[in-house]
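Residues in the sequence shown are numbered consecutively from 601, following our numbering. Worksheet: the structure to be examined is printed underneath.
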Amino acid sequence: MTKEAIEVRGMKFTPDQARAVKTLDQNLTINAGAGSGKTRVLTERYLDILLTPQSQGGLMYKEDALDRIVAITFTKKAAAEMKDRIRERLTEYLANNLIDSKENQEERDWVFKLLDNLSKAKISTIHSFCSDIIRNNLFELGIKADFSIMEGLEEKELQDEAISTVLEEIINEPEDRLYKELEEVTYLYGKRKLFKMLKEMLDNREGIENFLAENKSKDLHKVINKTVYDQNLKGIGDYLNDQELNEVMKELEGFISKNESRGVKVIKGILNDYPELISALNLYRESGKQEAENELLNLHFKFLNYFYDFDKDKEVKIGRAMVAADWEGGNEVKKAAYRKFETIKKIVFDKVPTVNDKPLIISDERPAEILDILLRLHKQVAKRYETLKEREGYLDYLDLEKRVVSAFSNNYDLVERLRRQIDFIMVDEFQDTNQTQWDIIRPLVTQDNDYKQLEEGKLFIVGDPKQSIYGFRRADVRIFNEVTRQITDNNIDNEKLVKLRKNFRSNKEIIDFINYLFNDIFPKDDEETSDYDVKYQDLTFGRNNKYEAKVDRDPDSHIELLLTQYFNDDEYSSAEYEAELIANKIE
């Protein structure tokens, strides 16, 4: 901590951290990078609310103070850790400032009361928060009191039962239309992969429902073809900008063959068309014209044809042709060239839409037909899953969220009552909040019937959009960006956006490397971005000089990236692959 450190109740903070802790009369967005001390800030802000007089915006001496603060964390573990830290800080504050003071009897009694009741504090995950709302309003919501929250093993077992039961029933009805369709997708994907796909669809059933609702009046085949078209167009730029692909192409140019075997022709075709593709991409980006776009896509599909023969509907194999060819340098050169071919194929296929390792092209009707079948299977599975949950008296996480959103939509009195009961809402890891979760929080922090006008001083969000796990639990980084815009709206100085740039966790070399690497990966300030994009915020080294003085730095020290190649087998997990790679490096 530097000379500019600010002390709050015996703990030192940077000016930005202190502002996040002490500003209670404004809504704030805290953009907090890894290792920036955000947990300390959250803990101390919670404490500050409890120990700041009501005349100054806090809740000190307010009878139901702990009920009036809602702190939402991403995991149960984080909630428990936050409670533990608050308890430790209250105990420290009591011991250092109040225990021997006769003048502060009232404050001492207040801190003792907080410690006695801290276990009841509303510090929890969003799902525990939803569960509390439901349990406290069972009659109004029409929900039975004996419901249980389903998670972990119970959820997996019930999902497995729903999928297995539906598939078994279809198999027992060979005359049914779904029987033939099930045969088709089972042949295409295999039993294990199909089961996994149906489970993933069940996990993402809300997204599927939203997709179908948004495209209800549209031809699904056209929607899918448009998606395939857009993904191919994006994929072209992604693989042509891939540095590894560029390097592999240069290496492949160094291999010379004496004859024109099929393998040689394929490789020469790849090498000839690659620069044409780059030129076509540049022309399309410069002009944006439809003719340039069409030409780019035509070259792209021609390029894909070197790896997948669309006329014969099978993968291109050049192994035998390579063996038969007479290459300068012999077998070692042939093997190296073949490996380069496979590397190029993998890079390209990773960037473009594929089904079962086959690239999708716009004229292909198969994706829409397969999706139709999968959606029909999913509909049956989802219906059975709901029946099984009802039988067992279970609600899963999605049910909790949807029940509360529905209640807020249909019961304004409930929203008003909760608004009056809550003065502060703090949300950690806000970058991983999804739309449904924001639909739960938003009515409680707004002051109008349309839930658009934020109530000042009520909302405090902490997150790092760079770390957004997009898609995990339906997380959507656009929510973070939009709420930040609402909070900072009409504020020229952006004083409601606090950026915690200092990293107190990592060595300076690590921070310098991260800044160097990610400044090239994330969009630049002057680049046009979408709602999904996040601009990189440089980390600043934050450890104190005393620590630095003790570090004996090797001038030749450097950072290495270890790239792990994963294989689709059941022998090793990804963690085991990584562990083996690290162990080999240490040796």
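From the three backbone atoms N, C-alpha and C, an ideal C-beta is built for every residue, glycine too.
Check                                                                                                      : Outcome
Same chain, Cβ closer than 7 angstroms to L896, five either side skipped, listed in chain order            : I836, A880, L881 and Y884
Opposing strand residues paired with F613 [DSSP bridges]                                                   : I606
R1019 vs I734 beta-carbon contact at 8 angstroms                                                           : no
Residues near L877 by beta carbon distance below 8 angstroms, same chain, minus five either side           : I836, L840, L896, L899, H900 and F903
Length of the line joining the Cα atoms of Q654 and N815                                                   : 51 angstroms
Alpha helix (DSSP H) segment containing I743, residue limits                                               : Run containing I743: none; DSSP gives neither H nor E here.
Three-state secondary structure (DSSP) of Y1177                                                            : helix
Strand pairing of M1026, partner residues [DSSP]                                                           : A671 and F1060
Proximity winner among R1078, D1076 and H1158, relative to F1113 (alpha-carbon distances)                  : H1158
Residue environment, D1013, which counts as buried when at least 16 other CB atoms sit within 10 Å         : exposed
Runs of beta strand (DSSP E) wholly within the region 842-918 (minimum 3 residues, chain order)            : none
For A632, three-class secondary structure by DSSP                                                          : strand
Collapsed DSSP secondary structure at K818 in the structure displayed                                      : coil
Neighbour flag for E1178 against chain C, beta carbons, 8 angstroms                                        : Absent from the structure is chain C; it holds one protein chain and no more.
Coil, strand or helix - S724 by DSSP                                                                       : strand
Contact check, Y997 vs H821, beta carbons under 8 angstroms                                                : no
Any 3 or more C-beta pairs closer than 8 angstroms across the region 704-716 and the region 747-763        : no
Inter-stretch contact at 8 angstroms, needing at least 3 Cβ pairs: the region 793-807 / the region 970-987 : yes
Closest Cα partner of M629 within the set A679, F811, L1097 and K934                                       : A small fix is needed here, since residue 629 is Thr in this sequence, not Met. Of A679, F811, L1097 and K934, the residue nearest in Cα terms is L1097.
Burial state of I1111 (16 or more Cβ within 10 Å)                                                          : buried
Proximity of V828 and L960 at Cβ, strictly below 8 angstroms                                               : yes
Buried or exposed (CB count within 10 angstroms, at least 16 for buried), A745                             : exposed
Nearest-angstrom Cα separation, counted from E893 out to I870                                              : 20 angstroms
Element boundaries [beta strand (DSSP E), containing K1099]                                                : L1097 to L1100
Same chain, Cβ closer than 7 angstroms to K958, five either side skipped, listed in chain order            : Y908
8 angstroms contact criterion, which I649 and A679 should meet: CB distance rounded                        : Contact flag wrong, Cβ pair sits at about 17 angstroms.
Inter-residue Cα distance where the pair is L833 and K951                                                  : 10 angstroms
Unbroken alpha helix (DSSP H) run spanning L715, endpoints                                                 : Q705 to N717
Cutoff 8 angstroms; reference Y693; Cβ partners in own chain excluding five residues on either side        : R609, G610, L647, L651 and V711
L1059 and I1025 closer than 8 angstroms at C-beta                                                          : yes
Classification of S731 by the beta-carbon crowding that lies within 10 angstroms, buried from 16 upward    : buried
Segment limits, alpha helix (DSSP H) that includes A665                                                    : No alpha helix (DSSP H) holds A665; DSSP gives it neither H nor E.
Buried or exposed (CB count within 10 angstroms, at least 16 for buried), F739                             : exposed
Residue from K940, T954, E707 and R685 whose Cα sits closest to the Cα of V866                             : K940
From G1057, P1043, N1049 and I1061, residue whose alpha carbon lies closest to that of T1033               : I1061
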